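Colleague: With the numbering used here, letter number 245 in the sequence shown gets 241, and the count goes up by one each step, no holes. Okay, handing you the structure first.
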Amino acid sequence: MEQFRQMGEVLGSLKALMVLQDDIQINQKQCCLLHNIFTLAFNTIAEEIKQNLKLEEKNTKWKPLEEPLRELHRVFKEGEFYVRRCLDSKDWWGKVVSLHQNKDSVEFHIYNLFSIFPAVIEAIETAGEISGLDQEEMQKKRVMLVKKYDRSWKDPKLFQWRFGKQYLVSREICSQIESAMREDGWQLVEAIKQKIKAGSLTKNEQGLGDVLLKKLNGQLLVNRKLPPSSILLGSQDYQVRRRLGGNSQFKEIQWLGESYALRHFFEDIVPLSSEITNLLSLSHPNIVQYLCGFYDEEKKECFLVMELMSKDLHALMKENSSSRRQVLFPLPIVVDIMLQIARAMEFLHSQKLYVGDLNPTNIFLKPRKCIEGYFHVKVSGFGLTSIENSPSRHASSNNQNAFDPCIWYAPEVLAENEQKGTSSMHKYSEKANVYSFGMLCFELLTGKLPFEDGHLQGDQMSKNIRAGERPLFPSLSPKFLVNLTKKCWHNDPSFRPSFSSICRVLRYIKKFLVMKPSDGQLVMQSPPVDYSELETGFLKKHSEEVNCGVASVSQIPFQMFVYRLIEREKTCLSVKHSEETSDGTSNGGDENTSVVEDPIAQAPAMDARSVGSDMKTVCFDMKSICTEDPDRKIPFDLRSIRSEPSEKKIVLRKLATNVKVKRTSGKPKTPVSAKSSPWSRPGHTLQGSREKPLSMSSPSRSKHRSNGQAVAFEKS
């Protein structure tokens, strides 16, 4: 309840800020969208709590809500900070340069909201199942949830119509998300035009206004030329502060009241014009942003202004590493970093851009202002590879020399390098980037450089990697992340997942960590199923929808809902399998025993907890459930089968005629008849029996259907 109250305080503060929404000149529509969707989220949670929980149980049965609401509170705080920044009118031109194509409101804040909100809904449902003392009411809640997670809701349109409002993706909200950034672009163009028309601008501000107008209208490069560098260098407060990473291309500069990174090089701009135009048009919250560019025609000198980050991942890990520390960061932070890297790569690949050297020196981080311990992660190392004068970007060259770069290259890249003796084009491919991402995951999970404990270096290491050697995980590493990492660094590129699949898996892992917090412990509960299996099931149903580029942010709740549905199905099947195994053991332990298929597999999936604790309650009237889906075939009267106790499940057997029974007491052997089954007589075991399952058309089958308690035998 305390976390929910804190969310209300943040929302109240945001509401007070929005009183002045007309004064927001940068990204006003996106700020209003954040306010509206946060308000909707708070009201939805309040309504769900009101319907499912009881206030007097807040100190006991509300426990599953604490961590999801705490995570959602962090999302609210970050959103409020973003609105405050947009509302601040100080250094207006600097904020325009930084935010004019920024998608943080939708692609970062709303993305984070949609990723965590299904966990909040599920936590309320989990608490609601055990809330209250009325057993009949609790049973009805379980029945309702069974129908909610029916497989027929796997269609995205049906999901939006039925659950869109509950998961904040109603058609109204989706239309606002699509239009907010577009409208902000129009408003910013008008604001710049008004300032230019007023005539109170300096010459450099006038030139910068023209540059931004052309860029917002998609006409930045005119006749394959960038704007003159005098606009940048002639600004009153422009100054170079320091060189970044010992690389002459990158510097930190002060300009328009803000700090930026500057990429400075000498080159003819004409052959690079299309590539520079593409870089300046890219916008995503997890890539290092190219903001604007300038050029000196006489000196052939190019200046590309980029956003400034704190430090790269390699430097950060080196600073925080210690022989006493088993892990570098808490597991939720590690997964959050991995997800942000995967999101950046998913976006770049959708633009047909690939990072040739995806390693820790090209992963940049800066601390989040509102969430202690967490980082905002951005990927660099893409674009303008032809003018590289050093392998590093704006990272330290010493960092690059700290490890052998071959450990980040995929086996196919190393093989091509050895054959041609030059840099391989294979490293500019999606699957090669996925391999490098797997190595990044290993370093994040273990805090160690891959192969740093090995004695092999250089060519020998390259041969071993191509032969399939990979770094070893510590025994306490979480298996669900180890499995994902191993799939990423698979020797065969076709077996490696796409970054879209990796993002879906990591989002669901993040939700699992929120639902099952470890409280700082290294070893934590494992999920009931492998998340890669959930992704396989998702792709079987929705391959057409996910192969058309980066999915819209509004599709995240649906994807997590489908993951949850598949997880419940697989959990239910595993419970059914364990029940059958235990029944087979109690019935003599014969591995050839065939049990009638449990009809729960034909029904909508349920939680393992619900299935194991109260089978009769959850499996209410299977006939009524299965008739909702005409594709489900019911072999028998399911209610009559389900009403039998588990120890009386019907077993179909077909034995040979001369079945011998051996008494443990040493008495003479006696033949066994159909009327005197050895299972009902203690001290007997079957010996030399050969069993076959009865065919559906055999007379014995009819006998079985007429008398559920009989065990039929066929005599030769």
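Built from N, CA and C at the ideal position, the CB exists for glycine as well. The structure displayed is predicted, hence computed values, not measured ones.
Please give me, in chain order, every unbroken run of the alpha helix (DSSP H) with length at least 4 that falls completely inside the stretch 267 to 304.
Modeller: Listed in chain order, the complete alpha helix (DSSP H) runs (minimum 4 residues) inside the stretch 267 to 304 are 269 to 277.
Colleague: Short of 8 Å in beta carbon distance, which residues of its chain neighbour Cys484, apart from the five on each side in sequence? Order them along the chain.
Modeller: Here residue 484 is taken as the residue at index 488 of the sequence shown, counted from 1. Same-chain partners within the cutoff: Val430, Tyr431, Phe433, Gly434, Cys437, Arg492, Pro493, Ile498.
Colleague: For Gln235, which of helix, strand or coil comes out of DSSP?
Modeller: Looking up residue 235 in the sequence shown gives position 239. If DSSP states are grouped into helix, strand and coil, Gln235 belongs with the strands.
Colleague: For Asp455, name the three-state secondary structure that DSSP assigns.
Modeller: In the sequence shown, counting from the first residue as 1, residue 455 sits at position 459. DSSP places Asp455 in helix when its eight states are reduced to three.
Colleague: Going by beta carbon distance, what residues of the same chain come within less than 7 Å of Lys50, once the five residues before and after it are set aside?
Modeller: The sequence position of residue 50 within the sequence shown is 54, counting from 1. Taken in chain order, the residues that qualify are Ser127, Gly128.
Colleague: Checking 7 Å against the spacing of the C-beta atoms, do Leu95 and Ile22 come in under that value?
Modeller: Residue mapping note: residue 95 aligns to position 99 of the sequence shown, counting from 1. Residue mapping note: residue 22 aligns to position 26 of the sequence shown, counting from 1. The answer is yes: Cβ separation under 7 Å.
Colleague: Could you check the C-alpha separation between Glu565 and Ala463 for me, to the nearest Å?
Modeller: Translated into positions along the sequence shown, residue 565 becomes position 569. Translated into positions along the sequence shown, residue 463 becomes position 467. Distance between the alpha carbons of Glu565 and Ala463: 38 Å.
Colleague: May I have the straight-line CA-CA distance separating Ile227 from His260, to the nearest angstrom?
Modeller: Your numbering for residue 227 matches position 231 in the sequence shown. Your numbering for residue 260 matches position 264 in the sequence shown. Roughly 15 Å between the two C-alpha positions.
Colleague: Do Leu304 and Ser231 have their beta-carbon atoms positioned less than 7 Å apart in this structure?
Modeller: Counting from one through the sequence shown, the residue named residue 231 turns up at place 235. Counting from one through the sequence shown, the residue named residue 304 turns up at place 308. Result no, Cβ atoms of Ser231 and Leu304 do not sit closer than 7 Å.
Colleague: Between Asp84, Ser458, Glu563, which lies nearest to Gly253 when the distance is taken from Cα to Cα?
Modeller: Counting from one through the sequence shown, the residue named residue 253 turns up at place 257. Comparing Cα positions, the closest option is Asp84.
Colleague: Taking Arg503 and Met556 to be in contact with their CB atoms under 8 Å, please state how far apart those CB atoms are, rounded to whole angstroms.
Modeller: Translated into positions along the sequence shown, residue 503 becomes position 507. Translated into positions along the sequence shown, residue 556 becomes position 560. Indeed they touch by this definition, with Cβ atoms about 7 Å apart.
Colleague: Between which residues of its own chain and Asp100 is the CB-CB distance below 7 Å, once the five residues before and five after are set aside?
Modeller: Here residue 100 corresponds to residue number 104 of the sequence shown, with the count starting at 1. Only Tyr78, Pro281 meet the Cβ criterion.
Colleague: Jot down the residue ranges of each uninterrupted alpha helix (DSSP H) in the stretch 432 to 495, minimum 4 residues, whole runs only, in chain order.
Modeller: Within the stretch 432 to 495, the complete alpha helix (DSSP H) runs of at least 4 residues are 454 to 462, 475 to 484.
Colleague: Could you pull out every residue in the same chain whose Cβ sits closer than 6 Å to the Cβ of Leu204, ignoring the five residues on either side in sequence?
Modeller: Here the question's residue 204 lines up with position 208 in the sequence shown. Ile227.
Colleague: Can you name the start and end residues of the alpha helix (DSSP H) that Glu(-2) belongs to?
Modeller: In the sequence shown, counting from the first residue as 1, residue -2 sits at position 2. Here the alpha helix (DSSP H) through Glu(-2) covers -2 to 13.
Colleague: Using the C-alpha atoms, what's the distance from Lys374 back to Thr273?
Modeller: Position 277 of the sequence shown holds residue 273. Position 378 of the sequence shown holds residue 374. Straight-line Cα distance between these residues: approximately 20 Å.
Colleague: Could you tell me which whole alpha helix (DSSP H) segments of length 4 or greater appear in the stretch 335 to 414?
Modeller: Counting whole runs of 4 or more residues, the stretch 335 to 414 contains the alpha helix (DSSP H) stretches 393 to 396.
Colleague: According to DSSP, simplified to helix, strand and coil, what is Leu258?
Modeller: Position 262 of the sequence shown, counting from 1, holds the residue named residue 258. Here Leu258 sits in strand by DSSP.
Colleague: Could you pull out every residue in the same chain whose Cβ sits closer than 8 Å to the Cβ of Gln347, ignoring the five residues on either side in sequence?
Modeller: Position 351 of the sequence shown holds residue 347. Contacts found: Asn274, Leu278.
Colleague: How is Trp251 classed by DSSP in three states: helix, strand or coil?
Modeller: For the purposes of this step, residue 251 is taken as the residue at position 255 of the sequence shown. Strand.
Colleague: Gln24: buried (16+ other C-beta within 10 angstroms of its C-beta) or exposed?
Modeller: By one-based count along the sequence shown, residue 24 stands at place 28. Classification for Gln24: buried.
Colleague: Let me check understanding here. Comparing Cα to Cα, which of Val284, Tyr163, Asn413, Lys247 lies closest to Leu361?
Modeller: Here residue 361 refers to the residue found at position 365 when the sequence shown is read from its first residue. Considering only alpha carbons, the answer is Val284.
Colleague: Please tell me whether Glu44 and Ile120 are closer than 7 Å, where the distance is taken between their beta carbons.
Modeller: Residue 44 sits at position 48 when you count from the first residue of the sequence shown. Residue 120 sits at position 124 when you count from the first residue of the sequence shown. Going by C-beta atoms, Glu44 is nearer than 7 Å to Ile120.
Colleague: Do you know how far the Cα of Asn32 is from the Cα of Arg81?
Modeller: Position 85 of the sequence shown holds residue 81. Position 36 of the sequence shown holds residue 32. Distance between the alpha carbons of Arg81 and Asn32: 18 Å.
Colleague: Using a Cβ-Cβ distance cut-off of 7 Å, determine whether Val165 contacts chain C.
Modeller: Absent from the structure: chain C. Only one protein chain is present.
Colleague: Drop a sphere of 10 angstroms on the beta-carbon of Thr623, count the other beta-carbons inside from all chains shown, and report buried for 16 or more, exposed for fewer.
Modeller: In the sequence shown, residue 623 corresponds to position 627, counting from 1. Reliability fails at Thr623, whose pLDDT of 40 lies under 50, so the model's placement of it is uncertain and the value that follows must be treated cautiously. With fewer than 16 Cβ atoms within 10 Å of its Cβ, Thr623 is classed as exposed.
Colleague: Helix, strand or coil for Asp130, going by three-state DSSP, please let me know.
Modeller: Against the sequence shown, residue 130 aligns to sequence position 134. Coil at Asp130, not helix or strand.
Colleague: In or out: Ala42 buried (at least 16 other Cβ within 10 Å) or exposed?
Modeller: Along the sequence shown, read from residue 1 onward, the residue named residue 42 stands at position 46. Result: exposed.
Colleague: Just to check my reading of the structure: Lys54 and Met134 have Cβ atoms closer than 8 Å, yes? What is that Cβ distance to the nearest angstrom?
Modeller: Translated into the one-based positions of the sequence shown, residue 54 becomes position 58. Translated into the one-based positions of the sequence shown, residue 134 becomes position 138. Incorrect: roughly 18 Å between the Cβ atoms, too far for contact.
Colleague: From Gly443 to Gly124, what distance separates their C-alpha atoms?
Modeller: Position 447 of the sequence shown holds residue 443. Position 128 of the sequence shown holds residue 124. Cα to Cα, the separation comes out at about 40 Å.
Colleague: Can you give the Cα-Cα distance for Ile329 and Ile359, rounded to whole angstroms?
Modeller: Position 333 of the sequence shown, counting from 1, holds the residue named residue 329. Position 363 of the sequence shown, counting from 1, holds the residue named residue 359. If you take the alpha carbons of Ile329 and Ile359, they lie about 15 Å apart.
Colleague: Do you know offhand how far Val510's Cα is from Lys59's?
Modeller: Start at 1 with the first residue of the sequence shown, and residue 510 comes out as number 514. Start at 1 with the first residue of the sequence shown, and residue 59 comes out as number 63. Approximately 12 Å, taken between the alpha carbons.
Colleague: Taking 7 Å as the cut-off, decide whether the C-beta atoms of Val501 and Glu563 are in contact.
Modeller: Reading the sequence shown from its first residue, position 505 is the one you call residue 501. Reading the sequence shown from its first residue, position 567 is the one you call residue 563. No; because the gap between Cβ atoms is not below 7 Å, this pair is not in contact.
Colleague: Tell me, to the nearest whole angstrom, how far the beta carbon of Glu118 is from that of Arg560; I am working on the premise that it is less than 8 Å.
Modeller: Residue mapping note: residue 118 aligns to position 122 of the sequence shown, counting from 1. Residue mapping note: residue 560 aligns to position 564 of the sequence shown, counting from 1. Confirmed, about 7 Å.
Colleague: Could you have a look at Pro689 and say whether DSSP puts it in helix, strand or coil?
Modeller: Taking the sequence shown and counting its residues from 1, the one referred to as residue 689 is at position 693. Since pLDDT at Pro689 reaches only 44, below the 50 mark, its modelled position is unreliable, and the value read off the structure follows with that caveat. In this structure, Pro689 counts as coil in the three-state DSSP scheme.
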